[in-house]
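Undergrad: Just passing along the structure, written as structure tokens.
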């Protein structure tokens, strides 16, 4: 699997011209690279994810950033937080 380097050299010209922009670009690139380097799981099904307040055994199978896709409704959710091993938050993204 190909991974992105978590540091990127924006060059001394940009650093000298605008240090704040260079820092902001570096932080954004670092965060993006870290997310890309994590294997994101996609779950295809024909049902919506469990309600966030309902403890469900199926939630143990997911990690932050995993995608749940309901092919019947053509909707997708991303897991954004975990309260316990059974309670997670799914945010609809489509």
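In my numbering, the protein residues as written are 17 to 110.
Glycine residues also receive a C-beta, built at the ideal position from the N, C-alpha and C atoms.
Bear in mind that the values here come from a model prediction, so they are computed numbers and not experimental data.
Residue 28 lies in the alpha helix (DSSP H); which residues open and close that run?
TA: Residue 28 -> alpha helix (DSSP H) spans 28 to 33.
Undergrad: Residue 92: buried (16+ other C-beta within 10 angstroms of its C-beta) or exposed?
TA: Buried, because 16 or more other Cβ atoms sit within 10 Å of the Cβ of residue 92.
Undergrad: Distance check for residue 60 and residue 109, CA to CA, integer angstroms please.
TA: 15 Å
Undergrad: Keeping to the same chain, check which residues put their C-beta closer than 7 Å to that of residue 63; ignore five residues upstream and five downstream.
TA: 86
Undergrad: Out of curiosity, what's the CA-to-CA distance linking residue 95 and residue 37?
TA: Cα-Cα distance, rounded: 31 Å.
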